[in-house]
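In my numbering, the protein residues as written are 81 to 818.
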């Protein structure tokens, strides 16, 4: 593809060692091709908008990705709001259009769009909802593409509408007929790089700014009041609780606040007794103020990646300035020193780390390896929580998990992203971060958020209703984190809200506990295929598939008690009423405050187990199979492992069981394939058949079962069949005789 005007640029091609060079008007490639890497084609154009300087209404701006072209002038569509890009198309056909752009206000109205067209009006496209600087990209059934019917010269026009109070930022644009092209900075799923969190991480994880006594009291209440709880981390005040995170000398002194945590080992042992994992907050730097010995050791050893600098930020720095050094995590000696200094915390009971300030890959790698090597309970499977900063790096999937950032305690955030206050979206935006296929965050396989919101950022929206809706959504995420700022008097702990909100929390946290066999299977599916557990819809926002069998539609508007939900093709059961509905249509669905719209696909099997207060207290040896009949055979392949070792990475120690329900009213429980350490030989199965007619009898492996082994709910048309002590290595059949 020829440019008719020169644009400066030098980019690294994603997944290749190719560089794109702009020489005169021709795009040329210099490549060292590697096996399995993407081979670029010559029909490719890229524009970096900061290099476009001949449009009066556009000025240099700044965004998270760096310099951008910024439209500040208010007005409707007019010539001043246009960017024109001459190009020549040598080969007719469809060209995928990639754009990195942002609008300073989060809005889905008419003003939040960008028109793309050719000068002869033969091709046009409108992009809505430019939320943040993430690649807008082609996806199945909703391509962002321009179809050039013939070769020749074109002038591509990007036409921005601007209204007072909004700014449009243009960063980069790519136009290519290579349908496999992935730009650098877009987190394309690569299953070979995905590493599983430990099983307990798929439960409920809490965090707080608590001293030793408060930590134990929080854990005690969670346990005694029967809230599902699998982990608890102490956030940044762990290093300086006494002055509420202000003392710079404590960050990081590798001791922690010994006054606030006089017996860390006892504190973490208390948590371990209840199967609750322990975590602490860390960052990637050391401050010298009243921490001279540690700082000088790292400095004199050459363990800082740059020269120390004076930190004048107030974040964990209660003096005007203090000398600070960034640890060089690319230096193996520095990494070993840092690990050795951190290891005593793990010896006393720490299991995982929450990382702040940076998500650079070397920092993630060192931290993750530390949790693998030093964790006493992990059996080698580490766990960290990190920011979204390295989202565009596929290698970040080796170091689970991530969270969405400092969420605003509000229903929505019109000025998202706010780079001054660092408000990383409110409730509505956090739903989009995990479910919108057009956002780069969508490809993060194991992503959580601060359930209930992290900080107010000026909002006054906090309420039982907002908390309940946020909890409902978060429980249908792979990772569920409950956390908030010290300024929030509730700390987002469920026992701090109304009785209705508490019951709502227990119901949905309990449902997540029941769904563990289903969720953990899909974690393995993500690892094996790269397909995420959450599968969003481009044209139907704020709803998503949770696995293949469940459809979730969070309520994100205040006071709403219903919403429109698109049911995909097929038939779907209302999860609560078991009403069977036709798919391929949009319905207005009731959603009282204590219920999130939830649907099960007809022709599916959903494995569950008894709810447990912690994942490690539950067992897949007592399974409940919910069978939702449809027009086709229903199947589910259950995947299991020990949940804590890395044996699964080698492909061994994974057990598989296939469940099938056919049109002849027979449920087949397949013979177990594979095994894992500690696996028991037998399993109890309860099969729950939804919306079936009452059978005259039920048989197991050809033998009629006694009436005590099954029951039928005439009102709801649900048949329940129980079978205990089934040999996992044998195939079993449950047959309904009508």
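Heads up, the beta-carbon is just placed ideally off N, CA and C, and yes, glycines get one too.
* Note down the Cα distance separating residue 92 from residue 615, rounded to an integer number of angstroms. => For residue 92, the predicted structure reports a pLDDT of 28, less than 50, and the residue's modelled location is therefore unreliable. The matter cannot be settled from this model.
* Asked: Beta carbon of residue 235, beta carbon of residue 164: below 9 Å?
  -> Yes, these two residues count as a Cβ contact at 9 Å.
* To do: Given a cut-off of 9 Å, decide if residue 396 and residue 316 are closer than it, judged by their beta-carbon atoms.
  => yes
* Asked: Hey, residue 626 and residue 716: beta-carbon distance below 9 Å or not?
  -> no
* **Sequence-distant residues of the same chain with beta carbon closer than 8 Å to residue 761, five excluded per side** => So the qualifying residues of the chain are 807, 808 and 809.
* Beta-carbon proximity list for residue 303, same chain, < 6 Å, skipping 5 on both sides -> 354
* At which residue ranges does the segment 480-563 contain complete alpha helix (DSSP H) runs of 4 or more residues, listed in the order of the chain? -> 507-515 and 544-554
* Asked: Got a sec? Which residues, its chain only, sit under 8 Å from residue 103 by beta carbon, not counting five neighbours each side?
  -> Confidence is the limiting factor: at residue 103 the pLDDT is only 21, short of 50, which leaves the residue's position unreliable and the question unanswerable from this model.
* **Contact belief for residue 167 with residue 240 at Cβ below 8 Å, rounded distance in angstroms** => In this structure residue 167 is not in contact with residue 240, their Cβ atoms being roughly 19 Å apart against a cut-off of 8 Å.
* Taking Cβ to Cβ, would you say residue 439 is nearer than 9 Å to residue 362? -> Remark: C-beta atoms of residue 439 and residue 362 do not approach each other more closely than 9 Å.
* beta strand (DSSP E) containing residue 252: first to last residue? -> 248-256
* Apart from the five residues on each side of it in sequence, which residues of its chain come closer than 8 Å, Cβ to Cβ, to residue 644? -> 666, 667, 668 and 669
* Decide if the segment 323-338 is in contact with the segment 380-400; the criterion is three or more beta carbon pairs, one per stretch, under 8 Å apart. => yes
* Check the C-beta distance from residue 478 over to residue 273 and give it rounded, since I have them as a contact under 8 Å. => 6 Å
* Taking residue 686 as part of the beta strand (DSSP E), name the residues at either end of that continuous run. => 684-689
* **residue 795 classed as buried or exposed, judged by whether at least 16 other C-beta atoms fall within 10 angstroms** => Counting the other Cβ atoms within 10 Å of the Cβ of residue 795 gives fewer than 16, which makes it exposed.
* Please name the residue in 695, 389 and 339 whose C-alpha comes closest to that of residue 281. => Nearest C-alpha to residue 281 among 695, 389 and 339: 695.
* For the segment 453-469 against the segment 717-730, are there 3 or more C-beta pairs whose distance is under 8 Å? -> yes
* Take residue 706 as the anchor and find which of 172, 343 and 690 has the nearest alpha-carbon. => 690
* Report yes or no: do the segment 370-385 and the segment 399-416 share at least 3 C-beta pairs separated by less than 8 Å? => In short, these stretches touch, since the Cβ pair count reaches three.
* Residues near residue 130 by beta carbon distance below 7 Å, same chain, minus five either side -> For residue 130, where only same-chain residues beyond five positions count, the Cβ hits under 7 Å are 140, 147, 148 and 149.
* What did DSSP end up calling residue 239 once you bin it into helix, strand or coil? -> strand
* Asked: When the distance is taken between beta carbons, is residue 436 closer than 9 Å to residue 406?
  -> Result no, Cβ atoms of residue 406 and residue 436 do not sit closer than 9 Å.
* Drop a sphere of 10 angstroms on the beta-carbon of residue 721, count the other beta-carbons inside from all chains shown, and report buried for 16 or more, exposed for fewer. => buried
* Rounded distance between the beta-carbons of residue 607 and residue 652, thought under 8 Å -> About 28 Å separates the two Cβ atoms, so there is no contact after all.
* Burial state of residue 777 (16 or more Cβ within 10 Å) -> Residue 777 is exposed by the Cβ-count criterion.
* **Ranges of the beta strand (DSSP E) found wholly within the segment 713-784, counting only runs of at least 3** => 714-720, 735-741, 746-749, 762-770 and 777-780
* Among 572, 687, 402 and 711, nearest to residue 700 - alpha-carbon criterion -> 687
* For the putative contact between residue 224 and residue 257, defined by C-beta atoms under 8 Å, what is the C-beta separation to the nearest angstrom? -> Rounded, the Cβ-Cβ distance is 13 Å, inconsistent with contact.
* Asked: Residues in its own chain within less than 6 Å of residue 817 by CB, not counting five upstream and five downstream?
  -> 775, 776 and 777
* To do: Determine the DSSP secondary structure at residue 427, reduced to helix, strand or coil.
  => helix
* **Residues sharing a beta bridge with residue 166, DSSP** => 235
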